[in-house]
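In what follows, a single structure is set out as structure tokens and then discussed.
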Amino acid sequence: MAAILRSRKLIYALGAFAGFLLATVFIVYAVFTSTSSTAPIGLILIPFYGAIASLVGCAVVYVGLVVVDVIAGQLAWGSARVYAASAFVAIAVLFGGAVLLHRTALAVAENPQSSPDELMAVSQRWIPLWGEEVFVALAKNPATPAALLTAMADQKDSHGLVSLVGANPGTPVPVLEKIAAGPRHYERVAGLAENLNITLAIAERLANVGPKDFRDDLEYKLYQTFVLAALARNPSTPQPVFDQLAARNKPEYFLAVAVIYAERASCDQITRAGESGSENAVLRSTAQSQLKRRGC
């Protein structure tokens with residue numbers, strides 16, 4: 109009996125180790141194949157997800173040993189261990205079903221070849237896990253129907269989703285104008301500043317801001333970094349608005365860089381952007397390099 113207990117403990121340990129190892133491999137693979145600059149943060153989560161995977165590995169071993177004992181006649185069907193194993197299996201089936209619902213919905217939502225009816229149907233499905241990922245995919249998909257994009261643009265508690273709708277090349281101009289008319293929070297309108305279908309009125313609305321339009325200096329700096337810099341990089345931004353951005357007093361670093369690298373920027377504008385960071389040698393060097401390349 110003691111030998112059997114020792115062997116089962118070893119099996120549990122191997123199950124836990126296998127779960128931890130699989131979770132670690134998956135996270136490392138996801139981190140090193142991701143294009144996100146924040147992906148390396150995922151490595152910090154290895155102990156957390158590894159512990160969960162270890163418990164799952166132990167549960168799998170538990171179910172397997174219960175099945176073996178039942179087949180060997182050493183365990184009755186009505187025993188507590190069988191009920192516990194059945195509960196583990198039921199949880200696994202429900203979780204697997206939820207993952208399958210998520211994956212099938214996400215495949216449709218991400219596909220630019222999906223029909224408008226399919227995309228509308230996906231938006232109305234019940235998705236118990238990670239449903240927000242499906243709406244993110246719909247907000248990015250240029251094939252998403254205008255009615256659905258309009259509804260997502262009205263979200264007041266999801267700035268990120270509104271920003272994705274604003275960046276979508278398939279979003280109708282009236283919806284873009286509606287986004288521009290709302291709060292100019294940097295997380296909400298950053299995508300709009302990148303849209304190639306931007307109009308003069310929208311660009312002017314985004315560009316005509318000052319410190320008084322924000323709660324504090326940090327929010328104003330973030331707006332320059334994520335919105336005004338994107339507006340300066342956007343080739344569809346009307347020239348008068350670009351000139352206005354290039355003439356801003358003490359622009360934030362990324363706005364100055366966007367002006368420096370813009371093909372439409374004049375030599376004077378590049379020089380001014382480089383001098384705006386008088387204490388930033390990198391910015392000055394970047395401007396000088398661009399001036400040299402242009403023959404200024």
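This note's numbering puts the first residue of the sequence shown at 109, with every later residue one more than the last. Glycine included, each C-beta is placed from N, C-alpha and C at the ideal position. Given the structure is predicted, the values throughout are model-derived calculations rather than measurements.
Per-residue burial, residue i [other beta carbons within 10 Å of its own, 16 or more giving buried]
i           : result
residue 143 : exposed
residue 360 : buried
residue 294 : buried
residue 380 : buried
residue 335 : buried
residue 274 : buried
residue 172 : exposed
residue 186 : exposed
residue 237 : exposed
residue 149 : exposed
residue 115 : exposed
Contacting residues, own chain, Cβ-Cβ under 6 Å from residue i (five flanking each side not counted)
i           : result
residue 167 : 196
residue 328 : 319, 322
residue 325 : none
residue 165 : 123, 124, 126, 127
residue 394 : 368
residue 344 : 304, 306
residue 260 : 247, 269, 273
Segment limits, alpha helix (DSSP H) that includes residue i
i           : result
residue 379 : 375–384
residue 201 : 188–218
residue 224 : 224–231
residue 235 : Here residue 235 belongs to no alpha helix (DSSP H), and DSSP marks it neither H nor E.
residue 162 : 154–179
residue 356 : From DSSP, residue 356 is part of no alpha helix (DSSP H); its letter is neither H nor E.
residue 327 : 325–331
residue 362 : 361–369
residue 398 : 389–402
residue 184 : No alpha helix (DSSP H) holds residue 184; DSSP gives it neither H nor E.
residue 341 : 337–341
Residues of its chain near residue i, where Cβ-Cβ distance is below 7 Å and the 5 sequence neighbours each way are ignored
i           : result
residue 158 : 128, 131, 132
residue 161 : 127, 128, 130, 131
residue 258 : 283
residue 366 : 337, 340, 341
residue 169 : 119, 120, 123
residue 183 : 174, 177, 189, 190
residue 402 : 375
Beta-carbon proximity list for residue i, same chain, < 8 Å, skipping 5 on both sides
i           : result
residue 227 : 216, 217, 246, 249, 251, 252, 253, 256
residue 277 : 250, 303, 304, 305
residue 271 : 295, 296, 297, 298, 299, 300
residue 349 : 308, 311, 312, 315, 339
heavy atom of the ligand FAD below 7 Å from residue i C-beta
i           : result
residue 140 : Within the structure as shown, the ligand FAD is missing, as the structure has no ligands at all.
Check your understanding: Is it true that the segment 176–184 meets the segment 131–143, where meeting means three or more beta-carbon pairs spaced less than 8 Å apart?
Key -> no
**Study point:** Three or more C-beta pairs below 8 Å linking the segment 204–220 and the segment 150–168
**Key:** no
Practice item. May I have a chain-ordered list of the alpha helix (DSSP H) segments no shorter than 4 residues that lie completely inside the segment 262–320? Key: 267–275, 281–289, 294–302, 308–315
Check your understanding: Taking three-plus beta-carbon pairs below 8 Å as touching, is the segment 216–223 in contact with the segment 183–202?
Key -> no
Check your understanding: At what residue ranges does the segment 109–146 contain a whole run of the alpha helix (DSSP H), taking only runs of 4 or more?
Key -> 110–141
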